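The first sequence begins at 1196 in my numbering and counts up by one.
Even glycine gets a Cβ: it sits at the ideal position worked out from N, Cα and C.
Since this is a predicted model, take the numbers as computed values, not measurements.
Worksheet for the structure shown next.
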Amino acid sequence: MTSSRLYLRFLRRFSTATGIDSQTTAYPGAITMSKAKSKLRKVQDPDKALAIYKSASNNSTSPLSSRYAMELTVQRLAKSQRFSDIEALIESHKNNPKIKTETFLSTLIRSYGRASMFDHAMKMFEEMDKLGTPRTVVSFNALLAACLHSDLFERVPQLFDEFPQRYNNITPDKISYGMLIKSYCDSGKPEKAMEIMRDMEVKGVEVTIIAFTTILGSLYKNGLVDEAESLWIEMVNKGCDLDNTVYNVRLMNAAKESPERVKELMEEMSSVGLKPDTVSYNYLMTAYCVKGMMSEAKKVYEGLEQPNAATFRTLIFHLCINGLYDQGLTVFKKSAIVHKIPDFKTCKHLTEGLVKNNRMEDARGVARIVKKKFPPRLVTEWKKLEEKLGLYSKGNAAAVSSSSQTREVLDQEREDDV
DNA sequence: CTAGGGTTAG
1196 MTSSRLYLRF
1206 LRRFSTATGI
1216 DSQTTAYPGA
1226 ITMSKAKSKL
1236 RKVQDPDKAL
1246 AIYKSASNNS
1256 TSPLSSRYAM
1266 ELTVQRLAKS
1276 QRFSDIEALI
1286 ESHKNNPKIK
1296 TETFLSTLIR
1306 SYGRASMFDH
1316 AMKMFEEMDK
1326 LGTPRTVVSF
1336 NALLAACLHS
1346 DLFERVPQLF
1356 DEFPQRYNNI
1366 TPDKISYGML
1376 IKSYCDSGKP
1386 EKAMEIMRDM
1396 EVKGVEVTII
1406 AFTTILGSLY
1416 KNGLVDEAES
1426 LWIEMVNKGC
1436 DLDNTVYNVR
1446 LMNAAKESPE
1456 RVKELMEEMS
1466 SVGLKPDTVS
1476 YNYLMTAYCV
1486 KGMMSEAKKV
1496 YEGLEQPNAA
1506 TFRTLIFHLC
1516 INGLYDQGLT
1526 VFKKSAIVHK
1536 IPDFKTCKHL
1546 TEGLVKNNRM
1556 EDARGVARIV
1566 KKKFPPRLVT
1576 EWKKLEEKLG
1586 LYSKGNAAAV
1596 SSSSQTREVL
1606 DQEREDDV
């Protein structure tokens, strides 16, 4: 279920916001914003996230890192459908004198977008006159971003038509156009996005590498490979400053073909002076996975300095598909230690596989980690699965302690909590 | 002191 749908459901149930103070405890000791960020990344519990954020929010710090910390906090709250808390948190920033600067206010608009609360984002945008904040393309772009993150693709073209007319200080720029392009791509209309691109060329608005990348990815995803290839050629001929992300989009498509094709493209990347990154290697790993070459896939994983959440999700999922639950368990433990455990479906696969192989103790070990790491809503869901699998039914109840392997992971967790 | 938009779902 998307967070925007959850939000709509929430709206039907509640009409007023509640304060956040009654529900949170102060986090002991002030910490720096960068410390807060690294703590926030590890924490899923929305109350802990709020407490960490509050303990850092009063320190003098760069707007960029405080924005990031706020967005992390908002995302944690959103996962638990704590929309009134999100509102209270974001609205509390209106007391900051910086609210009169457009960049600061735009950050708040974007944060609402992170929680799929587009109506709140819009309300903040409309309040700008009252707050005395100038309104230019900066806040307009923030509003478009909030719209995209709220999955309201069809509203972006609408805003694009109406707002520059309504507010004479708003002139869409290359980034506004980039988001218009993305809205069409997200709604599965890359042709329409191509039209906008041509339109930009006529109007003399720069088509950035990011806009190109958006369209390229959409063409590939919609199976328009020939169109994608000719767009790529066009980009190269124009002398576009190619970067990792655009190559990664090409690798995404190559991964559907073969590992060899991926390696070929990665070599091309290197030859133009780019260094394949974790995302690039993830596509190589994926290419091996879809061919069932799991030992090759694992080699790619083991060679990674910084495997990310997608690395773990993809590898564990495919190990499970291939019945390699033991290896899946090992990789899962690794993912837990670095706070990047896979999604619900993958964890479910793994646990079911372990149960099927009578590895009840290991299955319970996975379950314990999952319950510690998932947001509350998913934990509820997870407990239903445990019930169904009979994870703690009699006969299994004797061994309530988790296996020594998974206990190590949880011990590590406790150290992190201090 | 000029942000902000793009890539991984099996």
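- The beta carbon of M1389 sits closer than 7 Å to the beta carbons of I1410 from its chain, once the five residues preceding and following it are set aside; these are given in chain order.
- Of all alpha-carbon atoms in C1515, K1451, I1281 and G1560, the one lying nearest the alpha-carbon of A1531 is that of G1560.
- The beta carbon of A1450 sits closer than 6 Å to the beta carbons of V1457, Y1478, T1481 and A1482 from its chain, once the five residues preceding and following it are set aside; these are given in chain order.
- In this structure, the beta-carbon distance from T1440 to T1408 falls below 8 Å.
- Taken in chain order, the complete alpha helix (DSSP H) segments of 4 or more residues contained in the region 1469 to 1550 are 1473 to 1485, 1489 to 1497, 1504 to 1516 and 1520 to 1532.
- Counting every other CB atom within 10 Å of its CB across the protein chains shown gives N1291 a total below 16, marking it as exposed.
- In its chain, beyond the 5 residues on either side, M1228, A1231, K1232, L1235, Y1248 and A1251 have a beta carbon closer than 7 Å to the beta carbon of A1264.
- For E1386 and A1406, the gap between their C-alpha atoms comes out near 14 Å.
- DSSP places K1583 inside the alpha helix (DSSP H), whose first and last residues are P1571 to L1584.
- Rounded to the nearest whole angstrom, the CA to CA distance from G1434 to L1343 is 29 Å.
- When the Cα atoms are used, L1446 and N1417 turn out to be separated by approximately 15 Å.
- Shortest Cα-Cα distance from D1368 to any of K1398, R1350 and E1357 involves K1398.
- Just measuring C-alpha positions, the residue of L1524, N1552 and V1533 sitting nearest A1562 is L1524.
- Distance from the CA atom of G1412 to the CA atom of W1427, rounded to whole angstroms, is 11 Å.
- In this structure, the alpha-carbon of I1370 lies about 14 Å from that of A1341.
- Rounded to the nearest whole angstrom, the C-alpha separation of K1535 and K1295 is 38 Å.
- Contact between C1542 and T1509 does not hold, since their C-beta atoms are separated by about 14 Å, which reaches or exceeds 8 Å.
- Burial is judged here by how many other beta carbons sit within 10 angstroms of a residue's own beta carbon; P1329 has fewer than 16 and is exposed.
- The Cβ atoms of I1304 and F1278 lie no closer than 8 Å to each other.
- Counting C-beta atoms within 10 angstroms of its own C-beta, N1336 has 16 or more neighbours from the protein chains shown and is therefore classed as buried.
- K1384 sits in coil when the DSSP states are folded into three classes, being neither helix nor strand.
- Excluding the 5 residues flanking it on each side, I1376 has same chain C-beta neighbours closer than 8 Å at A1388, I1391, M1392, A1406, T1409 and I1410, in chain order.
- Rounded to the nearest whole angstrom, the C-alpha separation of D1438 and R1554 is 46 Å.
- Using a 10 angstroms sphere on the CB of D1394, the tally of other CB atoms stays under 16, which defines it as exposed.
- Here E1463 is exposed: its Cβ has fewer than 16 other Cβ atoms, across all protein chains shown, within 10 Å.
- In this chain, the alpha helix (DSSP H) harbouring H1344 covers V1332 to H1344.
- Closest by C-alpha distance to Y1307, out of K1293, K1325, R1271 and Y1520, is R1271.
- In the structure shown, F1320 adopts helical secondary structure according to DSSP, grouped into three states.
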